Amino acid sequence: MMQLTILSTSDTHGFVAPTNYVQRQADLPFSLAKAKTVIDQVKSSTTDPVVVIENGDWLQGSPLAYYVAKVAQEPALLTAAYNAVGYDAGILGNHEFNYGTDYLAAAVKTLDYPMLTANIERQGQPLFGQPYTIVEKSGLKIAILGLTTDYIPHWETPSHIEGLAFVDVVEVAKHWVPILHELADIVVVAYHGGFEKDLTTGAPTERQTGENVGYRLANEVPGIDALVTGHQHRELAQLVNGVPVTQPGYRGANVGAITLDIEATPTGYQVSGGQAALLSTGNAIAAEAVLSPLAQLSAAVEDWLDQPLGQVRGDMRIHDPFQARVDEVPYIEFIQQVQMAATQTDISGTALFNNEGRGFGESITMRDVVTNYIYPNTLAVVGLTGTDLKAALEQNAEYFSLSAGQLVVTPRFETPKPQHYNYDMYEGIDYTLDISKPVGQRVTKLTYHDEPVVSDHVYEVVVNQYRAGGGGNFPMFDASKIVRENQKDMTELIADYLLAHPVIAATANHNFHVQA
Numbered sequence: 178m179m180q181l182t183i184l185s186t187s188d189t190h191g192f193v194a195p196t197n198y199v200q201r202q203a204d205l206p207f208s209l210a211k212a213k214t215v216i217d218q219v220k221s222s223t224t225d226p227v228v229v230i231e232n233g234d235w236l237q238g239s240p241l242a243y244y245v246a247k248v249a250q251e252p253a254l255l256t257a258a259y260n261a262v263g264y265d266a267g268i269l270g271n272h273e274f275n276y277g278t279d280y281l282a283a284a285v286k287t288l289d290y291p292m293l294t295a296n297i298e299r300q301g302q303p304l305f306g307q308p309y310t311i312v313e314k315s316g317l318k319i320a321i322l323g324l325t326t327d328y329i330p331h332w333e334t335p336s337h338i339e340g341l342a343f344v345d346v347v348e349v350a351k352h353w354v355p356i357l358h359e360l361a362d363i364v365v366v367a368y369h370g371g372f373e374k375d376l377t378t379g380a381p382t383e384r385q386t387g388e389n390v391g392y393r394l395a396n397e398v399p400g401i402d403a404l405v406t407g408h409q410h411r412e413l414a415q416l417v418n419g420v421p422v423t424q425p426g427y428r429g430a431n432v433g434a435i436t437l438d439i440e441a442t443p444t445g446y447q448v449s450g451g452q453a454a455l456l457s458t459g460n461a462i463a464a465e466a467v468l469s470p471l472a473q474l475s476a477a478v479e480d481w482l483d484q485p486l487g488q489v490r491g492d493m494r495i496h497d498p499f500q501a502r503v504d505e506v507p508y509i510e511f512i513q514q515v516q517m518a519a520t521q522t523d524i525s526g527t528a529l530f531n532n533e534g535r536g537f538g539e540s541i542t543m544r545d546v547v548t549n550y551i552y553p554n555t556l557a558v559v560g561l562t563g564t565d566l567k568a569a570l571e572q573n574a575e576y577f578s579l580s581a582g583q584l585v586v587t588p589r590f591e592t593p594k595p596q597h598y599n600y601d602m603y604e605g606i607d608y609t610l611d612i613s614k615p616v617g618q619r620v621t622k623l624t625y626h627d628e629p630v631v632s633d634h635v636y637e638v639v640v641n642q643y644r645a646g647g648g649g650n651f652p653m654f655d656a657s658k659i660v661r662e663n664q665k666d667m668t669e670l671i672a673d674y675l676l677a678h679p680v681i682a683a684t685a686n687h688n689f690h691v692q693a
């Protein structure tokens, strides 16, 4: 008997070094470099075959990845780190499209492992040529099928995915898995997507939009020997319908490890058992093989991050992220001002994307900008009726619940994946959310210029392109309602605004109220 080990990283988001870039020097418990060390340790501990898969969302997310894409404009600077890991195959995540397909294609050309795109097509063919790859190790043929959530058109800027078709994940898997069993001994599905149902009970854990179909893959597609997942940033390792599955969190905090027991029979190899585990990278030493090629780049990024952009008069720090969503803080008002100035609108919506942002201190640097505004969003002005606007606020009110009479975050916004980015705050209107009232009836005040919002009047509202296209399952937003766009990255817009207004006042007009 032999054992096949399938190692995977997912959602590393360009965090090559163990830092979140909040400070210049750090050694935090994650990174691609630490994952590389763990992968090498596994490889050196066995003579049995090991395959390594990169499971998507690697091109975007960290300040370093942003610098490579927008400042250096040379993706090989980043892909050098991924090439050092020793992957056998990679797939695309949804964030690979954030900088457009031209940049993505340039990046993929510099990789020394195949990029698998079975369900992403251009003119009827897989985007980068290969739906799968077959790796032969120790006489064992291992097929790896690459799949990516087909929900991407609901989020991505249309020009970034023009000419591409995102085909149903489950249907593509049903087509390829039996074919691959004819060509190989083992079939591994690498899927940049997560799970839509509880893995034990099968009860839905989110709206069944098709964004995540991992549960369906494990239960509806016979012949999958191992299922590698991602996208939700969850930490999972277990059997689902007898199929070993992993999801290793994000930023390289863990390496997914599936082990299959392989028996040789007269008719070929058979899987006799399987296990799944997560290997923490927290205590690992960051691999120099990953860090060394990026030493000069990393120094340039740190210098770029320390560029001074402006000064704050007052306090624009975020002391309590939850409270900042209940009662407007100056940092959020500043972001709204930037959005309105960039698009000549007077109604704006934005989110406090996560709980790590600290706002701005007395002196603002590029480091402050990119560690607070973490996504490469552009802006879109959407024409919303008063009815649409009220519906959006009602949906945002679902972020809050009551526990013992106190405001708390509704659990589905925190697990299985934190979704603080799906709670927007608005500027340019005055509104009150009363969380003691039933869902759908919580907007108790809504005015524009001191007059009640009119249900059939169309108001121009600026939001990021993710929300403008309906991202986050906001049905009142739709790409067909976009009036105009600003294609400059929001990080650049913030920097430009600060250069034009080198001293900004930390003010908040408290135009919205959330009450229990």
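178 is the number of the first residue of the sequence shown in the working numbering; add one for each residue after it.
For each residue, glycine too, the CB sits at the ideal point set by N, CA and C.
No experiment lies behind these values; they were computed from the predicted model shown.
Residue i burial status per 10 Å Cβ neighbour count (16 or more: buried)
i      : result
Asp633 : exposed
Glu273 : buried
Phe207 : buried
Lys665 : exposed
His687 : exposed
Ala682 : exposed
Ser525 : buried
Ser185 : buried
His626 : exposed
Asn275 : buried
Arg201 : exposed
Leu394 : buried
Val228 : buried
Val502 : Here residue 502 is Arg; the residue named in the question, Val, does not match the sequence. Buried.
Gly429 : buried
Thr182 : buried
Ile462 : exposed
Met178 : exposed
Gln500 : exposed
Asn531 : exposed
Arg544 : buried
Arg384 : exposed
Given residue i as reference, the closest of the options once Cα atoms are compared
i      : options                           : result
Tyr674 : Gln513, Glu298 and Leu360         : Gln513
Gly450 : Leu471, Ala581, Gln415 and Pro425 : Gln415
Val630 : Leu676, Gly563, Gln618 and Tyr576 : Gly563
Ala253 : Thr592, Trp235 and Ala266         : Trp235
Ala466 : Ile612, Val515 and Val262         : Val262
Val639 : Gly617, Met179, Ser457 and Asp601 : Asp601
Asn431 : Arg411, Val448 and Gly445         : Arg411
Val489 : Asp225, Pro498, Ala476 and Tyr508 : Tyr508
Gln409 : Lys374, Phe343, His496 and Pro240 : Lys374
Gly459 : Thr442, Val478 and Tyr427         : Tyr427
Leu357 : Asn396, Ile329, Val312 and Ile541 : Val312
Leu737 : Asn599, Thr555, Gln424 and Leu584 : No information on residue 737 is available, as it lies outside the stretch 178 to 693 that the chain covers here.
Leu700 : Ser613, Leu474, Val349 and Asn549 : Residue numbering for the chain in the displayed model covers 178 to 693; residue 700 lies beyond these limits and cannot be assessed.
Val346 : Leu324, His337 and Gly340         : Leu324
Thr684 : Glu628, Pro421, Phe511 and Thr182 : Phe511
Gln307 : His337, Gly267, Pro330 and Trp332 : Gly267
Ala283 : Gly301, Gln300 and Leu255         : Leu255
Glu604 : Val506, Thr196, Tyr550 and Arg589 : Val506
Val680 : Asp497, Asn260 and Phe537         : Phe537
Bounding residues of the alpha helix (DSSP H) (the contiguous stretch that carries residue i)
i      : result
Gln514 : Pro507 to Thr520
Glu383 : Glu383 -> no alpha helix (DSSP H), and no H or E assigned at all.
Asp188 : From DSSP, Asp188 is part of no alpha helix (DSSP H); its letter is neither H nor E.
Tyr392 : Gly391 to Glu397
Ser221 : Leu209 to Ser221
Phe499 : Pro498 to Val503
Gln473 : Ala472 to Leu482
Asp438 : Careful: Asp438 lies outside any alpha helix (DSSP H), inside the beta strand (DSSP E) at Asn431 to Thr442.
Thr278 : Thr278 to Lys286
Ala242 : Pro240 to Tyr243
Span of the beta strand (DSSP E) around residue i
i      : result
Ile356 : Where Ile356 is concerned, there is no enclosing beta strand (DSSP E), although the alpha helix (DSSP H) it sits in stretches over Val346 to Leu360.
Thr562 : Leu556 to Thr562
Ile671 : Counting along the chain, Ile671 falls outside any beta strand (DSSP E), though it belongs to the alpha helix (DSSP H) covering Met667 to Ala677.
Tyr446 : Gly445 to Ser457
Glu231 : Val227 to Glu231
Glu412 : Glu412 to Val417
Supposed contact pair residue j and residue i - C-beta distance, whole angstroms, cut 8 Å
i      : j      : result
Tyr419 : Pro355 : Checking the displayed sequence, the identity of residue 419 turns out to be Gly instead of Tyr. That belief does not hold up - the Cβ atoms of Gly419 and Pro355 are roughly 17 Å apart, past 8 Å.
Ala464 : Gly582 : About 51 Å separates the two Cβ atoms, so there is no contact after all.
Leu365 : Val405 : Residue 365 is actually Val in this sequence, not Leu. With a Cβ gap of about 7 Å, Val365 and Val405 count as contacting.
Cutoff 7 Å: residue i Cβ touching any chain D Cβ
i      : result
Ala295 : The structure shown has no chain D; it contains just one protein chain.
Sequence ranges, beta strand (DSSP E) only - wholly within the region 581-662, length at least 3: Fully contained in the region 581-662 are the following beta strand (DSSP E) runs of length 3 or more, in chain order: 583-586, 601-604, 607-611, 620-625 and 635-641.
Please list the segments of the beta strand (DSSP E) lying wholly inside the region 300-351, counting only runs of 3 or more residues, in order along the chain. Complete beta strand (DSSP E) runs here, min 3: 309-314, 317-325 and 341-343.
Threshold first: 3 residues or longer. Then list the beta strand (DSSP E) segments lying entirely within the region 531-555, N to C. Runs of the beta strand (DSSP E) inside the region 531-555: 540-542.
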